[in-house]
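Reviewing the structure listed below.
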Amino acid sequence: MAETVQQETHGFQTEVKQMLHLMIHSLYSNKEIFLRELISNAADAADKLRFKGLSDGSLYENDAELTVKISVDKEAGTLTIADNGIGMSKEDAIAHLGTIAKSGTADFFSKLSGDQTKDSQLIGQFGVGFYSAFIVAEKVVVKSRAAGADKAEGVRWESAGEGEFTVSTIDKDTRGTEITLFLREDEKEFADDWRVRSIITKYSDHINIPVQMFKEEVPESDGPDGEKVPAVPGHWELVNKATALWTREKSDISDEEYTEFYKHVSHDFADPLKWSHNRVEGKTEYTSLLYIPAKAPFDMWNRDQAHGLKLYVQRVFIMDDAEQFMPTYLRFVKGLLDSNDLPLNVSREILQDNKITQSIRQGCTKRVLQMLEKMAKNEPENYQSFWSEFGNVIKEGPAEDFANKEKIAGLLRFSSTADESGKQSVSLEDYIGRMKEGQEKIFYVTADSYQAAKTSPHLEIFRKKGIEVLLMGERIDEWLMSHLSEFNEKQFQSIARADLDLSDLDDEESKKAKETAEKEVEGILERVKTALGDRVENVKFTHRLTDSPACIVADENGMTTQMAKLMASAGQPVPDTKYHFELNPEHNLVKLMSGVQDEEQFKQWSEVLFDQAALSEQGSLKDPATFAKNLNGLLASLAK
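This note's numbering puts the first residue of the sequence shown at 12, with every later residue one more than the last.
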C-alpha cells in the first residue's frame, strides 16, 4: 500500500487539547477502558455500513462479513484495532478526530475542578470515545477509507496527542478503519495477547459484531506416544460471544454484562442506576432494553440535542437517537429497541406518524415510569439520587404527556415546611397523608430559590396554623403548576394567589379577632387604593400574614411573578401585570399608617409598603430610587 507525500498539519480544537490532558492524567486508575471505547466505535462503524448496505449493496465491496480484528506486536509495542465498517474520508477524519462537536462542551469544562478523582467522573459523563486511545499511547496512527470510495481516497491520520495532528492521502485497498496505538513504555502490558483477550471478554462480550484476535501458528510437535502432532496454521480466532445481548434470555445475562452493555450504548463510564429488559409479543412485537443513568449528561438541558434510543429492526442497526420512541421529558433514558414489525428501510419521517411507533412509544414510556415507581417505593435513597439529577426534566412531563399525568405527578418530589433543613423531599402522596383535618387543598409557594420560598411572607399564617406548604424554588416549578391542577382528587392552591381562603380552618374566636382588627383601621383600604391608583388591581385586608405588614398577590387567573420571569428568561414578551395589594390590619405599621392625616405622607407610606411587598415577592424593583427616597422621607419624619 503506497502512501502519498501530500501531508497537512492541523491544530486540535482547544477542547480536545484539554480533554487529552485530562484523560492522560485523570483516568490512570481505569486505563483499560480505552479498548472498550475503540471496539465500541468499530462496532458502530460496522452497524452503520450494515444499514447503508440495505439500500446500496455495492458498499460491501464483496466483503459482507463484518468483523473487528485486533492484533498486538509485543516487540514493536503496538496494538491495532481494525474494522471493515463504514470508514472515513479525509474530511471525516479531520472533522471527527480533531474536534469535539458535542453540546455542553463549555459547561463540561467549566465544571472541572483539578481534582483528578472528581474530574475522571465528569469525563465519564461527557464521553471520550476515540480520544481514550491517548490514555496508553504516545502516538496514534489511523488509516481509513470510506466504503464505496476509490482505493486512492484513503486517509492517514497521525498524532502524539499534544497540540496537532497530520493527515495525508493514501492508497488503501480495503474499506474501514485501522487504528494503531504506539504504547508508552509503561503501558506495554496492552501489547500482550492474553491481557488484551481478557479485556475484550470483560468489556465487549455482548457486542453483536465478531471481535477476533490472531492466533499464532502452532508448529508440528511430538505427541506423548511418539506420534507427530500436526502443525496448526495461524488464524483469526473469535474472542467475544458476538451475540446481540438483548436477544438472549434475561436469566442468562449477568448484571455485569448488562452494565457493560450500557457503557457500550451510552459511552458513559459510570454504572447505570436501573435497567429493564423486556420482550413484547402480540399485536406489536419488539424487544426493549432501557437504562436509567446515574448521572445527568451535560447536554440534557438542550431539548433540541439529539436524544433517544438505538433502533434495530430484526437485529439490523437502523439509527442512533431515535427520539420517536421516548417522550422528551424522558430524554435521559438510554438503550435500544429491536422491532420485528418495522420495515428495514424505515426512516425518521416514516416513524413520525407510524402506528407501530406510537404503540412502542407508549410501551417504553410505561416501562420507564414503572421502573421509577418501583425505585421510589423500594429504594428511596436511590430515587432521591435520581431525583437530584433528573427531577427538573421529569417536571416537564405533565405538560407533555397528558395520558400519564397522574403517574408523573406521583413521581414528583418537593421541599416543604415539614423539613426546614431542605434536605428531605416529600411526595404528593406523603403530603396528602399529613394534611390537617378540614384541609382540602395542597398548598404550595413558588420562588426563585429554595431560600426565597422558605422565607416567603405568604407562609406566615401557615406556620402559625401548622399547615404544611410545598416549597418550590426551581424556575420550572411555576410552569409545572400551570399544567398540574390536582392529584388524587386534591386541588393545588398557590398561597400567593388572591383567591386563597383559609376560613374553613378558623374557629369563632379567630374570626372575631379578625373583625375587630379590621374595624380599628377602617377606611384605610380606600385611601391606599387612591394613593396607589393604577399600580394595583385591588386593595384589601389579609390575615395570611403574621409578621409582615403587607404582600402582593396575583389574580386567580393572572400571571404570577415566577411565570413572568420564566417568560422573560425564554425571550418571550411579558405583559404588564397588576397585583392585588393586601394589608395586614393587625400589624403595627398598618395601624400607624391608618392614623396619618397628611395625605402626601400617607401616599409615601402606601408606596413604601407596596414596594416593600413587591421586593419581597419579586426580588427586585422597577424603580428602586423612588422607594429609597420615600423610605428616607418617612424615616426623617419619624425622627422629628
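Idealized CB from N, CA, C, for every residue including glycine.
Cβ contact annotation for Q223 (same chain, cutoff 8 angstroms, sequence separation greater than five): T78, V79, K80, I81, W247, E248, L249 and V250, in chain order.
Judged by DSSP secondary structure, I303 falls within the beta strand (DSSP E) whose first and last residues are Y297 to I303. The beta carbon of Y394 is closer than 7 angstroms to those of M386 and A387 in its chain, skipping five residues each way along the sequence.
Given a length threshold of 3 residues, the region 350-436 has no whole run of the beta strand (DSSP E) inside it.
The criterion of a C-beta distance shorter than 8 angstroms is satisfied by A624 and I563. Contact check between the region 233-245 and the region 203-218: fewer than three CB pairs, one atom from each, fall below 8 angstroms, which does not count as touching.
Distances from the alpha-carbon of D67 to those of G159, R47 and V178 put G159 closest. Partner residues in the beta bridge of S155, as assigned by DSSP, are V166 and T188. Contact between T376 and E489 fails: their C-beta atoms lie close to 25 angstroms from each other, not under 8 angstroms. Rounded to the nearest whole angstrom, the C-alpha separation of E169 and V147 is 15 angstroms. With respect to the 8 angstroms criterion, R359 and T258 are not classified as neighbours on the basis of their beta carbons. Contact between the region 537-552 and the region 460-469 is absent: fewer than 3 CB-CB pairs across the two stretches fall below 8 angstroms. G96 has its alpha-carbon roughly 13 angstroms from the corresponding atom of N73. By the neighbour-count criterion, in which 16 or more other beta carbons inside 10 Å mark a residue as buried, T298 falls on the buried side. Runs of the beta strand (DSSP E) lying entirely within the region 490-561 and spanning at least 3 residues, in chain order: 501-505 and 547-552. In this structure, the beta-carbon distance from F498 to A429 does not fall below 8 angstroms.
Around the beta carbon of A579, fewer than 16 other beta carbons sit within 10 angstroms, so the residue counts as exposed. Exclusion of the five residues before and after F45 leaves S143, A144, I146 and V147 as the residues of its chain whose Cβ lies within less than 7 angstroms of its Cβ.
Look at A333 here: in three-state DSSP terms it is strand. Under the rule that a run must span 4 or more residues, the alpha helix (DSSP H) segments found entirely inside the region 189-231 read 204-214. Annotation: Y71 is outside any alpha helix (DSSP H) and is labelled neither H nor E by DSSP. It is roughly 50 angstroms from the alpha-carbon of T177 to the alpha-carbon of A410. Measuring C-alpha to C-alpha distances from S396 to each of E19, S436 and E417 identifies S436 as the nearest. In terms of CA proximity to K523, H554 leads the group V539, F503, G346 and H554. For T270, the enclosing alpha helix (DSSP H) starts and ends at D266 to S277. By the neighbour-count criterion, in which 16 or more other beta carbons inside 10 Å mark a residue as buried, N415 falls on the buried side.
Only residues of its own chain outside the window of five on either side were considered, and among them S427, T428, F454, Y455, V456, L470, F473 and I506 have a CB closer than 7 angstroms to the CB of V480, listed in chain order. If you look at L645, you'll find it isn't in any beta strand (DSSP E); it sits in the alpha helix (DSSP H) that goes P635 to A650. By the beta-carbon neighbour count (other beta carbons within 10 angstroms, threshold 16), E597 is buried. Taking C-beta atoms under 8 angstroms as the contact rule, D566 and H591 qualify, at a distance of about 7 angstroms. Annotated three-state conformation of E238 is coil, per DSSP. Secondary structure of I105 (DSSP, three-state): helix.
Cα atoms of R167 and G319: separation of roughly 33 angstroms, rounded to the nearest angstrom.
Counting along the chain, A464 sits inside the alpha helix (DSSP H) bounded by residues Y461 to K465.
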